Amino acid sequence: KAGVTQTPRYLIKTRGQQVTLSCSPISGHRSVSWYQQTPGQGLQFLFEYFSETQRNKGNFPGRFSGRQFSNSRSEMNVSTLELGDSALYLCASSLEIDSPAFFGQGTRLTVV
Amino acid sequence: GENVEQHPSTLSVQEGDSAVIKCTYSDSASNYFPWYKQELGKGPQLIIDIRSNVGEKKDQRIAVTLNKTAKHFSLHITETQPEDSAVYFCAAIDNYGQNFVFGPGTRLSVLP
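This is how it looks when you write it as structure tokens:
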């Protein structure tokens, strides 16, 4: 069974630009969660989607948004990038929110 | 919401020794506790998990114990090997937000 796939692996963007990250979950998993990982703040929850609906959202500004498609693939978008948005963005998929969650390799975003 | 603390932040052990990482959580309603291992440049990998109706779970050299009364759970690694060197994260479900809350991580170094 293929694991969680995130693309791209690395991104360099300029302040003020926007970026879209993609996540393909494990086949059959309908819950997709996104996390931001930084050395200072650790792993922080961004949002969770289940069957194309955002069920939960973490404490991030509205510049961070996401969506989920009918095939459970998910994208997250960050608009008006700031230097502080530089981080590893991780996607995790699971059958349900309290089921084992499996992470992708992450997308390393650098904002310059 | 849920708050997860994790200790120690760094741990060095000799190859063959045991390693123990401890976590405490705040929400008594939390019922699912996974542990993740993250190697450099990779996403977190689920290594073991435990539900609140179980006190202990073992998988080869890895075990997790849960004390619901004290609201703490621990990861035990026996006969450590150099390839066990990584950052380990514990997590608990935030039953309000229905998302994982992660501990700050423990950097384990197994010295040959």
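Top to bottom, those sequences are chains A and B. Start counting the first sequence at 1; every next residue gets the next number (our numbering). Start counting the second sequence at 113; every next residue gets the next number (our numbering). Glycine included, C-beta positions come from ideal geometry on N, C-alpha and C. Keep in mind that this is a model prediction, so the values were computed, not measured.
Min CB distance residue i to chain D below 8 Å
i	result
LEU11 (chain A)	This model lacks chain D altogether, as its protein chains are A and B.
Beta-carbon separation (whole angstroms), residue i vs residue j, contact threshold 8 Å
i	j	result
GLY106 (chain A)	GLY155 (chain B)	5 Å
ALA101 (chain A)	SER33 (chain A)	7 Å
Chain A within 8 Å of residue i, Cβ atoms only
i	result
ASP161 (chain B)	yes
GLY128 (chain B)	no
GLN210 (chain B)	yes
CYS158 (chain B)	The displayed chain sequence assigns Leu, not Cys, to residue 158 (chain B). So, interface residue.
Own chain partners of residue i with C-beta closer than 8 Å, once the 5 adjacent residues on each side are dropped
i	result
GLN37 (chain A)	LEU43, GLN44, ALA87, LEU88, TYR89, LEU90, GLY106
Beta-carbon spacing of residue i, residue j below 8 Å
i	j	result
ILE12 (chain A)	VAL112 (chain A)	yes
ARG9 (chain A)	LEU81 (chain A)	no
SER138 (chain B)	LYS183 (chain B)	yes
GLU127 (chain B)	GLN172 (chain B)	no
ILE160 (chain B)	LYS169 (chain B)	yes
Any chain B beta carbon closer than 8 Å to residue i
i	result
ASP98 (chain A)	yes
SER67 (chain A)	According to the sequence shown, residue 67 (chain A) is Arg rather than Ser. No, because no Cβ of chain B sits closer than 8 Å to the Cβ of ARG67 (chain A).
PHE64 (chain A)	no
Close-in-space but distant-in-sequence residues of the same chain around residue i (CB under 7 Å, 5 per side omitted)
i	result
SER70 (chain A)	GLU52
For residue i, the first and last residue of its enclosing beta strand (DSSP E)
i	result
GLU207 (chain B)	First, the amino acid is wrong: residue 207 (chain B) is Asn here, not Glu. Unbroken run through ASN207 (chain B): none, as it is neither H nor E.
ASN77 (chain A)	74–78
GLN41 (chain A)	It is not in any beta strand (DSSP E) - GLN41 (chain A) carries neither H nor E in the DSSP assignment.
GLU168 (chain B)	168–171
Near the ligand ATP: residue i beta-carbon under 7 Å from a heavy atom
i	result
VAL213 (chain B)	Judged by which ligands are present, the structure shown has none, so any question about the ligand ATP falls away.
Chain-order list of residues whose beta-carbon lies under 6 Å from that of residue i (same chain, five-residue window excluded)
i	result
HIS119 (chain B)	LYS134
MET76 (chain A)	LEU21, TRP34, GLY66
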